[in-house]
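A short worksheet on the structure shown next.
Residue numbers (my numbering): 5 to 311.
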């Protein structure tokens, strides 16, 4: 399975790869599978200690350090007090952890001149993401699941279920650590997984297959919408107000979403209200005006909007 993935992204034995590894079942499965087809000397195991579980977190780091030493793998780790940082940033624990973790991974990629960072997100994670985004009010682009690639980040396990991972770990006696907070449903993702998504399997054991098909459909729909926006923009960083006004309300909103996403490297901070505000700004009378939304700056002058 991973051989085909490596071929798809033209990964060669000489490529240096970062394996994001918590020590849990998913990342240990990914690491063990990559070790079968890629030289150990070109693998960097990167571990981020969130300092959220006291001695348990320290145990995860020590477990991974020992594993890497026994298997002659380069081990790189850091620890951050995520709870304190989240308080300072006035963000949630999960969001702060994700930001800090990916910042660390990117630093390690640069340090070792690695080609890609591999993470262990799997099919069940993708389904959780859809449900999480649906509850938060996401539209089409939030219902595609976890993307296989984000620039230098690759996710090889998105077609693999959690059940398959656990069976393989048991069959091959691959060691791993368990995170006690995964059973704590005060976290929304855990609550979804433990109390809602588990019901899907009871209702329809084939739900994963159906959800995978849904994600593929939504991804194709998203690509089509983006292609329509690109046809409208024609590769330019400006458009005429009159041309924008001819678009359907849906395509107007998607055009703003597309422009914002490319200006901010994502849609964090973008809301329906923010999009509606930009659409109104474009349609308002006025010869010269400016509008700022995140890193996106729109300038309207003589019937043309530049960004």
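Where a beta carbon is used, it is the ideal one built from N, C-alpha and C, also for glycine.
Can you give me the C-alpha to C-alpha distance between residue i and residue j, rounded to a whole angstrom?
| i | j | result |
| --- | --- | --- |
| residue 219 | residue 148 | 5 Å |
| residue 118 | residue 108 | 13 Å |
| residue 6 | residue 226 | 26 Å |
| residue 312 | residue 150 | Residue coverage of the chain in this structure runs from 5 to 311, which leaves residue 312 outside it and unanswerable. |
| residue 266 | residue 177 | 44 Å |
| residue 101 | residue 292 | 42 Å |
| residue 4 | residue 146 | One cannot answer for residue 4 here, as it falls past the ends of the chain, which runs 5 to 311. |
| residue 125 | residue 205 | 20 Å |
| residue 256 | residue 250 | 9 Å |
| residue 171 | residue 35 | 16 Å |
| residue 248 | residue 45 | 54 Å |
| residue 343 | residue 163 | Beyond the ends of the chain as shown, which are 5 and 311, falls residue 343; an answer cannot be given. |
| residue 279 | residue 89 | 30 Å |
| residue 289 | residue 305 | 11 Å |
| residue 209 | residue 189 | 23 Å |
| residue 84 | residue 115 | 19 Å |
| residue 17 | residue 168 | 26 Å |
| residue 82 | residue 40 | 26 Å |
| residue 270 | residue 95 | 17 Å |
| residue 61 | residue 182 | 10 Å |
Under three-state DSSP, which class holds residue i?
| i | result |
| --- | --- |
| residue 78 | strand |
| residue 182 | coil |
| residue 150 | coil |
| residue 54 | coil |
| residue 157 | strand |
| residue 169 | helix |
| residue 127 | helix |
| residue 259 | helix |
| residue 299 | coil |
| residue 310 | strand |
| residue 175 | helix |
| residue 271 | coil |
| residue 293 | strand |
What's the call for residue i, buried or exposed, on a 16-neighbour Cβ count within 10 Å?
| i | result |
| --- | --- |
| residue 52 | buried |
| residue 1 | Past the boundaries of the shown model lies residue 1; the chain is included only from 5 to 311, so the question cannot be answered. |
| residue 72 | buried |
| residue 9 | buried |
| residue 201 | buried |
| residue 25 | buried |
| residue 130 | buried |
| residue 32 | buried |
| residue 155 | exposed |
| residue 64 | buried |
| residue 29 | buried |
| residue 313 | In the structure displayed, the chain extends from 5 to 311; residue 313 sits before or after that span and is not available. |
| residue 228 | exposed |
| residue 59 | exposed |
| residue 128 | buried |
| residue 42 | buried |
| residue 54 | buried |
| residue 207 | exposed |
I think residue i touches residue j, with their Cβ atoms under 8 Å apart; what is that distance to the nearest whole Å?
| i | j | result |
| --- | --- | --- |
| residue 199 | residue 186 | 13 Å between Cβ atoms; not a contact. |
| residue 86 | residue 50 | No, residue 86 and residue 50 are not in contact; Cβ-Cβ is about 16 Å, not under 8 Å. |
| residue 27 | residue 180 | 7 Å |
| residue 262 | residue 233 | 4 Å |
| residue 283 | residue 260 | 6 Å |
| residue 47 | residue 77 | 6 Å |
Using 7 Å as the cut-off, classify the Cβ of residue i as near or not near the heavy atoms of the ligand SAM, replying yes or no.
| i | result |
| --- | --- |
| residue 218 | In the structure shown, the ligand SAM is absent, as is every other ligand, since no ligand is present at all. |
Suppose only complete runs of 3+ residues qualify. What are the beta strand (DSSP E) ranges in the region 190-249, listed by chain order?
242-244
Alpha helix (DSSP H) runs contained entirely in the region 7-46, provided each spans 4 or more residues
29-41
Would you list, in sequence order, the uninterrupted alpha helix (DSSP H) runs of no fewer than 4 residues that lie entirely inside the region 82-124?
86-93, 97-116
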